[in-house]
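Scroll down for the structure; my scribbles are underneath it.
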Amino acid sequence: MTQKLRSRRDFLWSLGAFTAASSLPLGLVQVVFADEAKNFTFAYISDAHIQQIQGTKFVRNWDRGLIRAVAEANLLQPKPDFVVFGGDLAQLGKREEIDHGAEMLSKLAYKTYHVMGEHDYYLDLGEYWSKLFGPHYHSWDHKGVHFVVLNSILTFDDWTFKRWPTAEQRMLEMAGLDNPNGSPFMVGDKQREWLKKDLEKVDKNTPVVLFSHSPIQKIYKGWNFWTEDADEVQALLEPFAKATVIYGHVHQIQYNQIGNIAFQSVMATAWPWPYPQSYVHAEVNWPKLTVPMNRADPFFERDATGWQSVEMAAGRAALDYNLYNNTNRRVAFNKDTGRPEDTVFQDPARRIPPQTHY
Ligand SMILES: [Fe+2]
Ligand SMILES: [Fe+2]
482 MTQKLRSRRD
492 FLWSLGAFTA
502 ASSLPLGLVQ
512 VVFADEAKNF
522 TFAYISDAHI
532 QQIQGTKFVR
542 NWDRGLIRAV
552 AEANLLQPKP
562 DFVVFGGDLA
572 QLGKREEIDH
582 GAEMLSKLAY
592 KTYHVMGEHD
602 YYLDLGEYWS
612 KLFGPHYHSW
622 DHKGVHFVVL
632 NSILTFDDWT
642 FKRWPTAEQR
652 MLEMAGLDNP
662 NGSPFMVGDK
672 QREWLKKDLE
682 KVDKNTPVVL
692 FSHSPIQKIY
702 KGWNFWTEDA
712 DEVQALLEPF
722 AKATVIYGHV
732 HQIQYNQIGN
742 IAFQSVMATA
752 WPWPYPQSYV
762 HAEVNWPKLT
772 VPMNRADPFF
782 ERDATGWQSV
792 EMAAGRAALD
802 YNLYNNTNRR
812 VAFNKDTGRP
822 EDTVFQDPAR
832 RIPPQTHY
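Per the numbering used here, the very first residue in the sequence shown carries number 482; after that it's consecutive.
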């Protein structure tokens, strides 16, 4: 009962435009609070990496990962209010890859929002993607939550415009996980200025959920699990009582809390990345990887691929990871500890020990 009351109070806080609710007649307030429909769900599919081999031939395994996510999301009950596709729809940014991916996503029975990934961007700098999916950054309000999409995979102009003889080479350089010719991702001044203005209009008790492709935090620079101006973006979210950042790109489950901001990653439908050996930020710890498809268990190709359903309750996100070939996981915000936690693997005895490969 206490829990219920608390969540209802949180729900009141979540209604930024509704702060006058306490002055409403009690009966009406109770009706508003009792409306569980204000909690809602959405689905999150990411990192499909659709890859053209030649002509109409595409890498079948990546196709199957996306087709399965779309089919399963369509079966969700209750139905999600919308779907987010978290970026890296294509592998090398080609029009054919984006078209093929878009066709598979068109089978979704819900409105879909798109986030730009580096694999979608660095061939034509997002031109074709924009024709299909619209602006690279924007925001909207839904059931008392303010949602924001950012393009977090931009980088220095010199790298983008002056360094490479062809667009294809630029794309290939950015596509590698551990390529020292890559360049750190960033949101950039223009979008941060837009975000500042966008968030100024939002009541600070309204929950904010931000979608990006790269993490808006500095996890591991060597693999670009990193956004160069993460600190500046975090500062814009700092005044909000409840902020959540959901990101793709890392192809693995990560969760973290920095100040008031909860961070949660989503899985890829294509392939899992291994966890970096070290999360130390120093550049001297760049890993010396040479195999672009290295992962947790190369003989178990679906061990950590899947998609997510996201439950929004009282402005907090709980991610249910629907894993194709592994135990499903749920990472939810824990009010008592003030951070997202894995509800399945918190107990050390249940954790899967690190694997050693030779
Ligand atoms: Fe990816
Ligand atoms: Fe990516």
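The beta carbon of each residue, even a glycine, is placed where N, CA and C say it ideally should be. Model, not experiment: these values are computed from the prediction.
Starting from the C-beta of Pro821, find all residues in its chain whose C-beta is less than 6 Å away, skip the five residues before and the five after it, and write them out in chain order.
Closer than 6 Å at the Cβ level, and outside the excluded window around Pro821, lie Tyr736, Ala743, Gln745, Val812, Phe814.
Using a Cβ-based criterion (distance less than 7 Å to any ligand heavy atom), does Glu681 qualify as near ligand 2?
Answer for Glu681: no, Cβ out of range of ligand 2.
Go ahead and label Phe843 buried or exposed: buried means 16 or more other beta carbons lie within 10 angstroms of its beta carbon, across all protein chains shown.
Since the first residue of the chain shown is 482 and the last is 839, residue 843 is not available in this structure.
Thinking Met597 and Val551 are a contact (beta carbons under 8 Å), I'd like their distance in whole angstroms, please.
That belief does not hold up - the Cβ atoms of Met597 and Val551 are roughly 20 Å apart, past 8 Å.
Mind checking who Thr522 pairs with in its DSSP beta bridge?
Beta-bridge pairing links Thr522 to Glu792.
So if I measure from each beta-carbon to every heavy atom of ligand 1 and keep distances below 5 Å, which residues remain?
Here the list is Asp528, Asp569.
What residue from Tyr609, Tyr756, Phe563, Gly574 has the CA that sits closest to Thr593's CA?
Of the listed residues, the one whose Cα sits closest to Thr593 is Phe563.
Can you have a look at Ile697 and say buried or exposed, based on whether 16 or more other CB atoms are within 10 angstroms of its CB?
With 16 or more Cβ atoms within 10 Å of its Cβ, Ile697 is classed as buried.
Where Gly607 and Ile700 are concerned, what is the direct C-alpha to C-alpha distance, given to the nearest angstrom?
Computed Cα separation, rounded: 25 Å.
In the segment 595–628, which residue ranges form an unbroken beta strand (DSSP E) of at least 3 residues, counting only runs that do not cross its ends?
619–623, all fully within the segment 595–628.
CA-CA distance, Tyr728 and Pro646?
Distance between the alpha carbons of Tyr728 and Pro646 is about 31 Å.
Which partner residues does Phe706 have in the DSSP bridge list?
According to DSSP, Phe706 bridges with Tyr701.
In this structure, does DSSP put Arg545 in helix, strand or coil?
If DSSP states are grouped into helix, strand and coil, Arg545 belongs with the helices.
Inspect the CB distances between the segment 631–647 and the segment 666–673 and report whether three or more fall short of 8 Å.
These segments touch.
Identify the continuous alpha helix (DSSP H) that holds Arg673 and give its terminal residues.
That run of the alpha helix (DSSP H) goes 670–681.
By the three-class DSSP mapping on this structure, what secondary structure does Gly582 have?
In this structure, Gly582 counts as helix in the three-state DSSP scheme.
What residues in its chain sit with their C-beta under 8 Å from that of Val626, if we drop five residues either side in the sequence?
Excluding residues within five positions, the ones whose Cβ falls inside 8 Å are Ser495, Thr687, Pro688, Val689, Val690, Met793, Gly796.
Which residue from Glu577, Lys538, Pro753 puts its Cα closest to that of Asp605?
With distances taken between Cα atoms, Asp605 lies closest to Glu577.
If I follow the unbroken alpha helix (DSSP H) through Glu719, where does it start and stop?
Neither: Glu719 is in no alpha helix (DSSP H) and is coded neither H nor E.
Is Phe692 helix, strand or coil by DSSP?
It is a strand residue.
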